[in-house]
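A.B. asks:
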Amino acid sequence: MTEDDSGLWHGAKSGDAEAFGALYDRHRARVFSQASRLLRSRLDAEDVTAMVFLEAWRKRDSVRLADDSILGWLLVTTNYTVANAARSARRHRAALAKIASQYEPPEFDGHQFEAVDGSSEAASVRKAFLSLKPQDRDVLTLCVLHEMPIAQAASVLSLPVGTVKSRLSRAKQKLAALTGSFDGTAVVTPSTEELS
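Residue numbers (this note's numbering): 144 to 339.
(1) Just how far apart, CA to CA, sit residue 170 and residue 214?
(2) Kindly indicate which residue of 151, 270 and 177 has the alpha-carbon position closest to the one of residue 167.
(3) Which value, in whole angstroms, describes the spacing of the CA atoms of residue 278 and residue 155?
(4) Thinking just about the alpha-carbon of each residue, which of 231, 198, 306 and 305 is nearest to the one in residue 344?
(5) Enumerate, from N- to C-terminal direction, the unbroken beta strand (DSSP E) stretches of 3 or more residues contained entirely within the stretch 150-223.
(6) Which one of 319, 320, 149 and 180 has the shortest CA to CA distance from residue 165?
(7) As a quick exercise: from 159, 147, 182 and 175, pick the residue whose alpha carbon is nearest that of residue 270.
(8) Terminal residues of the continuous alpha helix (DSSP H) containing residue 323?
(9) So, with DSSP's three-state summary, where would you put residue 317?
(10) List the endpoints of the continuous alpha helix (DSSP H) containing residue 279.
(11) Give the range of the alpha helix (DSSP H) segment to which residue 300 is assigned.
(12) Which class does residue 289 belong to by DSSP, given the choice of helix, strand or coil?
(13) Relative to the C-alpha of residue 174, which candidate in 161, 194 and 208 has its C-alpha closest?
(14) Return the residue from the list 203, 204, 176 and 201 that minimises the CA-CA distance to residue 192.
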């Protein structure tokens with residue numbers, strides 16, 4: 144990044160669509176990448192990306208930059224948007240099941256992930272990541288997947304640095320335990336490939 148986001152964000156807050164467009168161009172790929180890691184569908188990831196930027200525009204008066212960057216806010220909002228979309232999809236499926244009870248949707252057995260990417264290990268990591276608490280997913284997203292410095296992640300999450308460090312350690316241990324690779328000493332972190 145050649146410059147920080149603060150100048151463009153100031154313009155966007157004033158209603159400058161070109162400034163907002165420049166921020167979109169700058170960060171769209173990383174937001175899309177994060178959404179793609181969490182979702183099985185490229186189209187769903189595109190929808191989430193659009194929703195995240197729409198939310199940024201809608202809430203532009205209240206969005207806080209961390210270290211003169213909006214990226215942290217966008218990534219955390221991506222996690223929340225994916226979670227909201229998943230809840231919405233569950234409600235939609237429940238409504239369809241209620242309307243047409245003779246057509247039960249197939250149960251999720253984990254093979255859907257394998258059909259998409261052919262890797263049961265990647266599917267296991269993705270499923271484990273999605274089962275973590277939102278605060279743990281956020282810390283892993285910022286510090287591990289996007290390699291954000293802990294101090295910057297703390298600023299994005301409005302938490303003390305020590306809290307982010309402890310959450311990061313705990314989240315790595317939980318993820319390792321959920322993927323069956325926890326031996327009591329080693330801690331596994333998801334690679335970009337395993338979550339994409």
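Virtual Cβ for every residue (Gly too), placed ideally from N, Cα, C.
C.D. replies: Based on what the coordinates show:
(1) Their backbone Cα atoms lie some 7 Å apart in a straight line.
(2) Looking from the CA of residue 167, the closest CA among 151, 270 and 177 belongs to 151.
(3) Each residue's alpha carbon lies about 28 Å from the other.
(4) The structure shown has nothing for residue 344, since the chain only spans 144 to 339.
(5) Annotation note: the stretch 150-223 contains no uninterrupted beta strand (DSSP E) run of length 3 or greater.
(6) Comparing Cα positions, the closest option is 149.
(7) Distance from the Cα of residue 270 is smallest, within the candidate group 159, 147, 182 and 175, for 182.
(8) DSSP places residue 323 in no alpha helix (DSSP H); its state is neither H nor E.
(9) Three-state DSSP puts residue 317 in a helix.
(10) Counting along the chain, the unbroken alpha helix (DSSP H) around residue 279 starts and ends at 277-283.
(11) Counting along the chain, the alpha helix (DSSP H) containing residue 300 begins and ends at 293-300.
(12) Coil.
(13) Among 161, 194 and 208, the Cα nearest to that of residue 174 is on 194.
(14) It is 176 whose Cα lies nearest to the Cα of residue 192.
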